[in-house]
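For what it's worth, the working numbering labels the leading residue of the sequence shown as 8, then goes sequentially.
A virtual CB, placed ideally from N, CA and C, is assigned to each residue, including glycine.
Treat the numbers as computed from the prediction; the structure is a model and nothing was measured.
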Amino acid sequence: MEIPVFLVDAFTNLPFKGNVAAICLLMHELSDELYQKIAAEMNQTETAFLTRLNPSDNFTTGSRFRLRWFTPIVEVNLCGHATLATAAVLFQHQNNVNSKLVFESRSGDLCVIRKGDGYVMDFPLNPPTEQVQCMKTKLDNAVVGNLPVQEVYLSSETKKLLVRLADSCDRSELSNLTVDPAVLKSCEKTGRIRGVIVTVKGSPDSQPGYDFYSRYFAPWAGIPEDPVTGSAHTVSGSYWSKKLGKTRMLAYQCSSRGGEMELEVRDDGRINIAGQTVTMMQGTLII
Numbered sequence: 008m009e010i011p012v013f014l015v016d017a018f019t020n021l022p023f024k025g026n027v028a029a030i031c032l033l034m035h036e037l038s039d040e041l042y043q044k045i046a047a048e049m050n051q052t053e054t055a056f057l058t059r060l061n062p063s064d065n066f067t068t069g070s071r072f073r074l075r076w077f078t079p080i081v082e083v084n085l086c087g088h089a090t091l092a093t094a095a096v097l098f099q100h101q102n103n104v105n106s107k108l109v110f111e112s113r114s115g116d117l118c119v120i121r122k123g124d125g126y127v128m129d130f131p132l133n134p135p136t137e138q139v140q141c142m143k144t145k146l147d148n149a150v151v152g153n154l155p156v157q158e159v160y161l162s163s164e165t166k167k168l169l170v171r172l173a174d175s176c177d178r179s180e181l182s183n184l185t186v187d188p189a190v191l192k193s194c195e196k197t198g199r200i201r202g203v204i205v206t207v208k209g210s211p212d213s214q215p216g217y218d219f220y221s222r223y224f225a226p227w228a229g230i231p232e233d234p235v236t237g238s239a240h241t242v243s244g245s246y247w248s249k250k251l252g253k254t255r256m257l258a259y260q261c262s263s264r265g266g267e268m269e270l271e272v273r274d275d276g277r278i279n280i281a282g283q284t285v286t287m288m289q290g291t292l293i294i
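Spelled out as structure tokens, the structure:
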């Protein structure tokens, strides 16, 4: 069996930046065991598997597909950068003729359209709730150390914990955080939390005017740190929209690779996440 595969840097317009996704185009579904083995072989934060829903379609004519995402150790319910990368592969490399693509996923239908040099994804919004009793727990201390924490929120739907640093902190302090993934896992074994967002207020008055910064850690899913995370912004986008009183925001995830996304929180309980991509490699996986 030969499977077309692409490596795409997402949420960036520069090579070797953003977040890398492996995209596999499949003529038919494979077993879950084989999906996981391929994802482990690819060894990226996520490997996306795209299959046709209508046997008469191909990757050029089809507008609806099934999309699944796997880390090297587990399947996940939602992945932004691999969805963005999948749409880019279809539009750029398969010359898909449709103006909108729809991906059926564990998180429902996800739509992607072209916009300028990038793409806009229609994703669910996941508003978090405040966790007063979580302030400066062992888990928080393992993530931020002695840095002051202003608020802690939790999205029970995504199991992502949001830790907001005090406004006295800036981007450099967030960027310089050193987090031990083994310590994080040892602090949280209940399954209630599967990822931690650390975020700080941005500087929208300075160029390029980021409204907020973040980093994301998910060792429970086999990802010590995710470079740029669309799914985390369904939580942080909701949080900062309320705190800043804005529906349109520019966000930057300041991992070592770094990446940015444009966000628009909608009245219908969803969020638009826009970004660009760079294709780094294409080839054939032979099994």
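With fewer than 16 other CB atoms across the displayed protein chains lying within 10 angstroms of its CB, PHE23 is exposed.
Going by beta carbons, LEU257 and ASP218 fall inside the 7 angstroms limit.
If you look at TYR246, you'll find it in the alpha helix (DSSP H) that goes 240-251. Straight across, the Cα-Cα distance linking LYS196 with GLY266 is about 30 angstroms.
The Cβ-Cβ distance between THR54 and PHE72 does not fall below 7 angstroms.
The shortest CA-to-CA distance from LYS249 to any of ARG273, LEU97, LEU85 is the one to ARG273. Residue environment analysis places SER162 among the buried positions, since at least 16 neighbouring C-beta atoms fall within 10 angstroms of its C-beta. In this structure the region 116-133 touches the region 272-292; the number of beta carbon pairs closer than 8 angstroms is three or more. Inclusion of VAL96 and ILE30 in the CB contact set at 7 angstroms is warranted, their separation being smaller than that value. Three or more beta-carbon pairs drawn from the region 182-199 and the region 144-160 are found closer than 8 angstroms, and the two stretches are therefore classed as touching.
GLY115 is bridged by DSSP to SER112.
If you draw a 10 Å sphere on the C-beta of ASN50, you find fewer than 16 other C-beta atoms in it, and that means exposed. Exclusion of the five residues before and after ILE230 leaves THR52, THR78 as the residues of its chain whose Cβ lies within less than 7 angstroms of its Cβ.
THR165 sits buried, since 16 or more C-beta atoms from the chains shown fall within 10 Å of its C-beta. Note: GLU269 is bridge-paired with LEU257, ALA281 in the DSSP secondary-structure output. Residue pairing from DSSP leaves CYS86 without any beta-bridge partner.
Residue burial is scored here from C-beta neighbours: LYS208 has at least 16 other C-beta atoms within 10 angstroms and is therefore classed as buried.
ARG199 is classed as exposed because its beta carbon has fewer than 16 other beta carbons within 10 Å across all chains shown. In the three-state reduction of the DSSP assignment, GLU137 falls in the strand class. Going by DSSP, SER106 is part of no beta strand (DSSP E) at all; its letter is neither H nor E. Within a 10 Å sphere around the beta-carbon of GLY290 sit fewer than 16 other beta-carbons, which makes this residue exposed. LEU14 places its beta carbon less than 7 angstroms from that of MET287. Excluding five sequence positions before and after ILE80, the CB atoms of its chain that fall closer than 6 angstroms to its own CB belong to GLY229, given in chain order. For the region 160-243, the continuous alpha helix (DSSP H) assignments of 4+ residues that do not extend past its boundaries occur at 178-182, 188-194, in sequence order. Judged by beta-carbon spacing, LEU91 lies within the 7 angstroms limit of ALA17, meaning their Cβ atoms are closer than that value. When beta bridges are read from the DSSP output, MET8 appears opposite no residue.
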